[in-house]
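A.B. asks: To start, I am sharing the structure in question, which I have written as structure tokens.
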Amino acid sequence: MLRKLSNHELSDLIIQANHNAKTGKLPDYIPWLKNADFNSFALSILTLDGTLQTVGDSNRIFPLMSVIKPLVLLYILVHFGENFVRQRVGLESSALPFNSLAQLQADGGFPRNPMINSGAIALASLLPGSDGVSRCQTLCRWLNQQANCQLSLSEPVLRSVCSLPNPRNQAIVGELTTRGYLEAPEIALDTYNHVCCLSGTIVDLVRLGLLLVKGSEELSLKHCQMVSQVMKTCGLYEASKEFAHKVGLPTKSGVSGAVLSLVPEQGAIACYSPPLDPEGNSVAGLWLVEQLANK
Ligand code: GLN
């Protein structure tokens, strides 16, 4: 049962989590993330009845990076339906890293799932709008309205993402295009880069989690459950299977150190701590979710 933790329980957990975080590393392929505050930490727990518990850097705004992927999937599911999605991405887990070209090639150019870059780029290309800016705005407005949060595009993070070439994502886009699974590749990659730079606080993140747990007037629970299932099997890339077995909560991570976990029928847990493990998942974030799931 997701419950309110005592201050004592929380501070013990956070000390240990931050200790574990020291084994992690900041990613070096996006300068903004490389220069992030190694010790920054925030945790938020929100239950279905609206009880919100937040500790740490609650005002810090950070980019969601790949945590946006389940929300792109949600948007496309709600606006275009399940069949449309299934024709464009698989829902199978992958044993290779999130930006693996080998995986995409082995699958004949068909993205294996929406939680890895190939699938997320393919789905982001379907957002309505004529360019990355307008597509990102459409998604951002819709999410803010649905989840009652305040995401916004971080221009400095976007500039940083675009300041260095990302040959892996470029190769993924090339493969998707050659195989006929992507049109307008440049706009697709630009849209993907934009949506990864949507940013908010830990409370914004946990509210997005609650949306996935309980749906809304416009959002059927069936679509939310589908997203939740994909998060469970694919959300942590090659670490997904072990985490699902050990912890069992649908969870999505991003290279910024953001982690979002769903507690079905109960609430959501959001964590931010930048140091990452070798798979690109927040060390403290995953550790904390595991502890909370055991409590
Ligand atoms: N924009 C990042 C990338 O494509 C997101 C990856 C992630 O968060 N795992 O590399």
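Convert by adding 10 to the 1-based position in the sequence shown; the result is the number in our numbering. We treat Cβ as the ideally placed atom computed from N, Cα and C, and that holds for glycine. Note that the structure is predicted; figures quoted are calculated from it, not measured.
Taking its Cβ as the centre, do 16 or more other Cβ atoms sit within 10 Å of Asp59, making it buried, or is it exposed?
C.D. replies: Label assigned to Asp59: exposed.
A.B. asks: Considering just the uninterrupted stretch of the alpha helix (DSSP H) at Ile40, what are its terminal residues?
C.D. replies: Counting along the chain, Ile40 falls outside any alpha helix (DSSP H), and DSSP gives it neither H nor E.
A.B. asks: Just to confirm, does Gly290 get its C-beta within under 7 Å of one of the non-hydrogen atoms of the ligand GLN?
C.D. replies: Yes, the ligand GLN has a heavy atom inside 7 Å of this Cβ.
A.B. asks: I need the straight-line Cα distance from Leu114 to Arg96, nearest angstrom please.
C.D. replies: Approximately 16 Å between the Cα atoms of the pair.
A.B. asks: Measuring straight from C-alpha to C-alpha, what distance separates Thr64 and Ala181?
C.D. replies: When rounded, the distance between both Cα atoms is 40 Å.
A.B. asks: Name the DSSP beta bridge partners of Leu270, please?
C.D. replies: DSSP, once it has assigned bridges, lists Lys262 and Ala280 as partnering Leu270.
A.B. asks: Taking the alpha carbon of Pro80 as the point to measure from, which residue in Ala294, Leu286 and Val205 has its own alpha carbon closest?
C.D. replies: Nearest C-alpha to Pro80: Val205.
A.B. asks: I'd like to know whether the C-beta atoms of Met236 and Lys262 end up nearer to each other than 8 Å.
C.D. replies: It is not a contact, given that the beta carbons lie outside the stated cut-off.
A.B. asks: Give the DSSP-derived three-state secondary structure of Gln239 in the structure shown.
C.D. replies: If DSSP states are grouped into helix, strand and coil, Gln239 belongs with the helices.
A.B. asks: With DSSP as the reference, label Phe72 as helix, strand or coil.
C.D. replies: Note: Phe72 maps to strand in three-state DSSP.
A.B. asks: I'd like the list of long-range same chain contacts for Ala198, defined as Cβ closer than 6 Å, with 5 residues on each side in sequence excluded.
C.D. replies: So the qualifying residues of the chain are Ile131, Ser135 and Leu192.
A.B. asks: Please determine whether the Cβ atom of Met75 lies at a distance below 7 Å from any heavy atom of the ligand GLN.
C.D. replies: Yes - the ligand GLN has a heavy atom lying nearer than 7 Å to the Cβ of Met75.
A.B. asks: Let me know if Glu185 comes out buried or exposed under the rule of 16 or more other beta-carbons within 10 Å of its beta-carbon.
C.D. replies: Glu185 is buried by the Cβ-count criterion.
A.B. asks: So is Ser104 buried or exposed if we call it buried at 16+ other beta carbons inside 10 Å?
C.D. replies: So Ser104 ends up on the buried side.
A.B. asks: Would you grab the beta carbon distance between Met75 and Val216 for me? Rounded to a whole angstrom, and I think it's under 8 Å.
C.D. replies: Incorrect: roughly 16 Å between the Cβ atoms, too far for contact.
A.B. asks: If you count every other CB in all the chains shown that lies within 10 Å of the CB of Glu248, and 16 or more means buried, which is it?
C.D. replies: So Glu248 counts as buried.
A.B. asks: Can you give me the C-alpha to C-alpha distance between Ser226 and Tyr282, rounded to a whole angstrom?
C.D. replies: If I take the Cα positions, the gap works out to 25 Å.
A.B. asks: If you follow the beta strand (DSSP E) that Asn20 is in, where does it begin and where does it stop?
C.D. replies: A small fix is needed here, since residue 20 is Leu in this sequence, not Asn. That residue, Leu20, is in no beta strand (DSSP E); its alpha helix (DSSP H) goes Asn17 to Ala31.
A.B. asks: Do you know offhand how far Asn158's Cα is from His233's?
C.D. replies: Computed Cα separation, rounded: 19 Å.
A.B. asks: Output yes or no for whether 8 Å exceeds the beta carbon distance between Gly10 and Leu161.
C.D. replies: Missing from the structure shown is residue 10; the chain here goes from 11 to 305 and no further.
A.B. asks: Cutting at 7 Å between CB atoms, please list the residues of its own chain near Leu259, excluding the five before and the five after it.
C.D. replies: Correct list, in chain order: Ser271, Leu272, Val273, Val299 and Ala303.
A.B. asks: Report all residues from its chain with a CB closer than 8 Å to the CB of Ala194; omit the five preceding and five following residues, and keep chain order.
C.D. replies: Contacts found: Ser135.
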